[in-house]
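Q: So the sequence shown is numbered by this note's numbering: it starts at 828 and just counts up by one.
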Amino acid sequence: MPTAQRAPSSLLLRRGGDRLLFDCGEGTQRQLQRSSVGLAELEEVFLSHFHADHFLGLPGMLKTFALRGRTELPLTIYGPRGLRDLFGRLRPFVGRLPYELTLVELAPGEALERGDHRIEPFAVDHGAASLGYALIEHERPGRFDVATADALGVPPGPERGRLQRGEAVTLPDGRAVAAAEVVGPSRPGRTVVITGDTAPTPTVVQAAHGADVLVHEATFAAEERERAAETQHSTAADAAEVARLAGVRLLVLTHVSTRYFGPELAREAREIFADTVVPRDFDVIEVPFPERGRPELRKGAARPAPAEPRSAVAESL
Ligand SMILES: [Zn+2]
Ligand SMILES: [Zn+2]
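1. Compute every distance between the C-beta of Asp1024 and the non-hydrogen atoms of ligand 1, then say whether any falls below 7 Å.
2. Determine contact between the region 961-974 and the region 878-892, defined as no fewer than three beta-carbon pairs at a distance below 8 Å.
3. Less than 8 Å separating the beta-carbons of Val1010 and His1043?
4. Rounded to whole angstroms, how far is the Cβ of Ala961 from the Cβ of Phe971, which I believe are closer than 8 Å?
5. Is the beta carbon of His953 less than 8 Å from the beta carbon of Asp1024?
6. In its own chain, which residues sit with a C-beta less than 7 Å from the C-beta of Pro1012, not counting the 5 before and 5 after it?
7. For the 8 Å Cβ check, are there 3 or more pairs between the region 1049-1057 and the region 992-1008?
8. Using only alpha-carbon positions, find the residue among Arg1094, Ala1066, His1060 and Pro886 that is nearest to Pro919.
9. Is there contact between the region 915-935 and the region 835-844, where contact requires at least three CB pairs shorter than 8 Å?
10. So, with DSSP's three-state summary, where would you put Leu1072?
11. Under 7 Å from any heavy atom of ligand 3, does the C-beta of Ser862 make it?
12. Taking 7 Å as the cut-off, does the CB of His878 come closer than this to any heavy atom belonging to ligand 2?
13. Going by DSSP in three states, Thr1046 sits in which element: helix, strand or coil?
14. In chain order, what residues of the same chain lie with their CB nearer than 7 Å to the CB of Pro1015, ignoring the 5 residues before and after it?
15. Around the Cβ of Gly1074, are there at least 16 other Cβ atoms within 10 angstroms (buried) or fewer (exposed)?
16. Between which two residues does the alpha helix (DSSP H) carrying Val973 extend?
17. Less than 8 Å between the beta carbons of Leu1124 and Asp1102, yes or no?
18. Can you tell me whether Gly959 is helix, strand or coil according to DSSP?
19. Just checking Ser836 against ligand 2 - is the residue's beta carbon closer than 7 Å to any of the ligand's heavy atoms?
20. Alpha carbon to alpha carbon, how far is Val1105 from Leu1080?
21. Going by C-alpha to C-alpha distance, which of Ala974, Ala867 and Thr1022 sits closest to Ser1061?
22. What's the C-alpha gap between Gly915 and Leu930?
23. Applying the 10 Å Cβ sphere with the 16-neighbour rule, what's the burial state of Val872?
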């Protein structure tokens, strides 16, 4: 539920040049405009389920893209089954769009393969048609050991490229060099798992196994555990237990009820799982490659720079 400080659910995942939006609660486009990220011309939006707090921001955002004159760039919206039905009902409000809009209904396990990573929807426990999403990077090739290659007499050039790709090469003097002699073990990619709304469930533990970041809802604190169970939501303690069982590196709690501010949920979760954060709007989670450090909360990192003070504006006039 929105408060003066918090907007309903939406999370932007940036990876290289990709901008993926997960859920689009009311006011998402304005929150993006207010942020230092801005409202980019998104190409993909992933909906976890069709409760109003997760999609009401879409019609307005789709209209804004149209009003900006977007025509060439297509937009794809992914979601569980029922997505086409939802848009059938939204059509009268959205009207005709000048760009191509594609709706893709996904079932758990129907991964989208993307070259160096995949996006995999998984089942959660929040009514029939609800999905979580995992972005899973493939393993990266190992580090190339230049000093050893030099010592072995591998000339700079295509031979090194073939070794880097895992092939063996034969040197001009007839000696063979195997890739394993100069290329280290392959390095793991990163995994980010986003649950959407859910009660604690083994399918999330499985999807989040060893993940770098688990973004798990924590609507309630433990004092409201009955209410959480009735409404198929989680308490902070529930989410922490899932994170502990899955062995993730960082637990990120979202979807906080208006009754809570964050710190009390963080305290509850940290008794079970120490590496827990509860971000506020405009906070950023940085997810480095595993060998470069741990995922980290950057408070207010997407907050816009403060506006020019009034006096400065007056002077410039
Ligand atoms: Zn819901
Ligand atoms: Zn919700």
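Heads up, the beta-carbon is just placed ideally off N, CA and C, and yes, glycines get one too.
A: Judging by the given coordinates:
1. yes
2. no
3. no
4. With 8 Å as the limit, Ala961 and Phe971 do not qualify as a contact, their Cβ atoms being about 30 Å apart.
5. yes
6. Gly969
7. no
8. Pro886
9. no
10. helix
11. Because ligand 3 does not appear in the structure shown, any question about it cannot be addressed here, the ligands present being ligand 1 and ligand 2.
12. yes
13. coil
14. Glu966 and Pro1117
15. exposed
16. Val973 to Leu979
17. no
18. strand
19. yes
20. 5 Å
21. Thr1022
22. 11 Å
23. buried
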